[in-house]
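Student: Sequence lines, in order, name chains X and G. Residues 1 to 153 (my numbering) make up the first sequence, in order. Residues 154 to 306 (my numbering) make up the second sequence, in order. The beta carbon of each residue, even a glycine, is placed where N, CA and C say it ideally should be. Below is a structure I'd like to ask you about.
Number of protein chains: 2
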Amino acid sequence: MDHEFFMQAAVEQAQKSLDEGGIPIGSVLVIDGKIVGRGHNQRMQKQSPTLHAEMDALESAGRLTAADYQRSTLYTTLSPCSMCTGAALLYKIPRIVIGENLSFMGEEPLLKSRGVEVIVLDNPQCKALMQKFMQRHPEEWAEDIGEPHQAYD
Amino acid sequence: MDHEFFMQAAVEQAQKSLDEGGIPIGSVLVIDGKIVGRGHNQRMQKQSPTLHAEMDALESAGRLTAADYQRSTLYTTLSPCSMCTGAALLYKIPRIVIGENLSFMGEEPLLKSRGVEVIVLDNPQCKALMQKFMQRHPEEWAEDIGEPHQAYD
Numbered sequence: 001m002d003h004e005f006f007m008q009a010a011v012e013q014a015q016k017s018l019d020e021g022g023i024p025i026g027s028v029l030v031i032d033g034k035i036v037g038r039g040h041n042q043r044m045q046k047q048s049p050t051l052h053a054e055m056d057a058l059e060s061a062g063r064l065t066a067a068d069y070q071r072s073t074l075y076t077t078l079s080p081c082s083m084c085t086g087a088a089l090l091y092k093i094p095r096i097v098i099g100e101n102l103s104f105m106g107e108e109p110l111l112k113s114r115g116v117e118v119i120v121l122d123n124p125q126c127k128a129l130m131q132k133f134m135q136r137h138p139e140e141w142a143e144d145i146g147e148p149h150q151a152y153d
Numbered sequence: 154m155d156h157e158f159f160m161q162a163a164v165e166q167a168q169k170s171l172d173e174g175g176i177p178i179g180s181v182l183v184i185d186g187k188i189v190g191r192g193h194n195q196r197m198q199k200q201s202p203t204l205h206a207e208m209d210a211l212e213s214a215g216r217l218t219a220a221d222y223q224r225s226t227l228y229t230t231l232s233p234c235s236m237c238t239g240a241a242l243l244y245k246i247p248r249i250v251i252g253e254n255l256s257f258m259g260e261e262p263l264l265k266s267r268g269v270e271v272i273v274l275d276n277p278q279c280k281a282l283m284q285k286f287m288q289r290h291p292e293e294w295a296e297d298i299g300e301p302h303q304a305y306d
């Protein structure tokens, strides 16, 4: 399994989101070596509080069987938050490949405690996209992870 | 706080979903005594694997501030799965009122371990809706919670 190959497809989604004025996080769902769903954060584009990149990728993949999910791998440019972690646990996705967890450390310990394989690539493109965005738009980033920001709270 | 009053609004959403040919689970998000979001399971209606009732209610409420979420209460007719639990944890929703957990026991221990107040009403309407649906459509119900079913797997 070429993790960097599929991570590149997730990075393309993150870049696409940034180009649309959105938060640069991307994700793809892979089954049997094929990308079956692609997504990116849709907070700004669709005014959505639930379509994080991973959720958007799952939504893009449509309704799958339990067996499909149970042999899939979820790629995401950033360590998954509680919600996206919960979605992966719901569908028993056995493996999550993460671009980076420096900008945000998600629920990796919970994933591991439930038997999910967690692989962190420490990808410099993923880090660069997030670091730049977080510096320029701290209020949107705070909102995306449910944190207060003086611009709103 | 009249929990049964708001649960009734969630039950109405569950009934609406059933009438549409969907899975009868409903949810409302309440802030300062007012319903700010209403939703129901959209698996059948929108072919959605992520729009469980609670997610649909959050989506319906739109983009809220961290302070809004942190004084909200999420009502749901059925004990929340990992995904909906994770969404509540992401936004630090402090209280979840559950119609029933007999048909499905969700991630209540995880919610409690993170300090979320969990109130189970043991509402007979919620139980009747789910029990009837699960008997008539076991394959759709299995799919909704990521479980295999012989019709698919």
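Looking at G/Leu-217: is its Cβ nearer than 8 Å to the Cβ of X/Pro-94?
Tutor: No. Outside cutoff.
Student: Within this structure, are the beta carbons of G/Ala-206 and G/Gly-190 separated by less than 8 Å?
Tutor: No, they are not a contact pair.
Student: DSSP puts X/Glu-117 in a beta bridge; with which residues?
Tutor: Per DSSP, X/Arg-95.
Student: Under 8 Å by Cβ, that's how I've got X/Lys-112 and G/Gly-299 pegged, so tell me the actual separation to the nearest angstrom.
Tutor: Between G/Gly-299 and X/Lys-112 the Cβ distance is about 19 Å, and since that is not below 8 Å, they are no contact.
Student: Could you give the residue range of the beta strand (DSSP E) that holds G/His-156?
Tutor: No beta strand (DSSP E) contains G/His-156, which is instead part of the alpha helix (DSSP H) from 156–172.
Student: For X/Lys-34, which residues does DSSP report across the bridge?
Tutor: According to DSSP, X/Lys-34 bridges with X/Ile-31.
Student: Would you list the one or two residues that DSSP bridges to G/Thr-229?
Tutor: Note: G/Thr-229 sits in a beta bridge opposite G/Ser-180, G/Ile-251.
Student: Should the region 132–144 of chain X be regarded as contacting the region 162–174 of chain G, the criterion being three or more beta carbon pairs within less than 8 Å?
Tutor: They do not touch, by the three-pair rule.
Student: Just the chain X side, please: which residues come within less than 9 Å of G/Arg-196 by C-beta, in chain order?
Tutor: Within chain X, the residues near G/Arg-196 are Arg-63.
Student: Are the region 275–284 of chain G and the region 246–263 of chain G in contact at 8 Å, needing three or more beta carbon pairs?
Tutor: The answer is yes - the region 246–263 of chain G touches the region 275–284 of chain G, with three or more Cβ pairs under 8 Å.
Student: Rounded to whole angstroms, what is the Cα-Cα separation between X/Tyr-69 and X/Lys-46?
Tutor: For X/Tyr-69 and X/Lys-46, the distance between alpha carbons rounds to 26 Å.
Student: Among the candidates G/Gln-195, G/Ser-232, G/Ser-180, whose CA atom is the shortest distance from the CA of G/Ile-188?
Tutor: Out of G/Gln-195, G/Ser-232, G/Ser-180, G/Ser-180 has the C-alpha closest to the C-alpha of G/Ile-188.
Student: Am I right that G/Met-143 and G/Pro-177 are in contact with their C-beta atoms under 8 Å? What's the rounded C-beta distance?
Tutor: With chain G covering only 154 through 306, there is no way to say anything about residue 143 of chain G.
Student: For the alpha helix (DSSP H) containing X/Pro-124, list its first residue and its last residue.
Tutor: That run of the alpha helix (DSSP H) goes 124–136.
Student: What are the residues in the region 289–303 of chain G lying within 8 Å of chain X by C-beta distance?
Tutor: Taking 8 Å as the Cβ-Cβ cut-off against chain X, the residues of the region 289–303 of chain G that qualify are Ala-295, Glu-296, Ile-298, Gly-299, Glu-300, Pro-301, His-302.
Student: Please state if the CB of X/Pro-148 and the CB of G/Ala-219 are separated by a distance shorter than 8 Å.
Tutor: Yes. Within cutoff.
Student: At which residues does the alpha helix (DSSP H) containing G/Arg-196 begin and terminate?
Tutor: First-last of the alpha helix (DSSP H) with G/Arg-196: 196–199.
Student: Just to make sure I have the definition right: I need the residues of chain X whose C-beta is within less than 7 Å of the C-beta of G/Cys-234. Which are they?
Tutor: What G/Cys-234 touches in chain X: Leu-90.
Student: With X/Glu-59 as the anchor, note down where its alpha helix (DSSP H) starts and where it stops.
Tutor: Its alpha helix (DSSP H) spans residues 53–61.
Student: Is there a Cβ from chain G that is less than 8 Å from the Cβ of X/Tyr-212?
Tutor: No answer is possible for residue 212 of chain X: the residues shown for chain X start at 1 and end at 153.
Student: Less than 8 Å separating the beta-carbons of G/Leu-242 and G/Arg-267?
Tutor: Yes.
Student: For a contact defined as C-beta to C-beta under 9 Å, what are the partners of X/Leu-29 on chain G?
Tutor: What X/Leu-29 touches in chain G: nothing, since even the nearest Cβ is about 10 Å away.
Student: Alpha carbons only, please: which of X/Glu-139, X/Gln-150, X/Glu-12 is nearest the one belonging to X/Tyr-75?
Tutor: With distances taken between Cα atoms, X/Tyr-75 lies closest to X/Glu-12.
Student: If you check the beta carbons only, do G/Leu-182 and G/Leu-204 fall under 8 Å apart?
Tutor: No, they are not a contact pair.
Student: Taking 8 Å as the limit between beta carbons, can you name the residues of its chain near G/Ala-281, skipping five residues before and five after?
Tutor: Nothing meets the Cβ criterion.
Student: Could you give the DSSP three-state label for G/Gly-259: helix, strand or coil?
Tutor: Here G/Gly-259 sits in coil by DSSP.
Student: Does the separation of the CB atoms of G/Ala-167 and G/Thr-230 fall below 8 Å?
Tutor: In contact: G/Ala-167 and G/Thr-230 (Cβ atoms closer than 8 Å).
Student: Counting only beta-carbon atoms, is X/Ser-48 nearer than 8 Å to chain G?
Tutor: At least one chain G Cβ lies under 8 Å of X/Ser-48.
Student: In chain order, what residues of the region 108–132 of chain X put their CB closer than 7 Å to some CB of chain G?
Tutor: Hits within the stretch: zero.
Student: Please report whether the beta-carbon of G/Leu-211 lies at a distance below 8 Å from any beta-carbon of chain X.
Tutor: Judged by the 8 Å Cβ criterion, G/Leu-211 is in contact with chain X.
Student: Find the residues of chain G that neighbour X/Met-7, judging by a C-beta separation of less than 7 Å, and give them in chain order.
Tutor: Within 7 Å Cβ-Cβ: nothing; X/Met-7 doesn't reach chain G, min ~22 Å.
Student: With distances taken Cα to Cα, identify the nearest neighbour of G/Ala-240 among G/Met-208, G/His-156, G/Gln-303.
Tutor: When only C-alpha atoms are compared, the closest one is G/Met-208.
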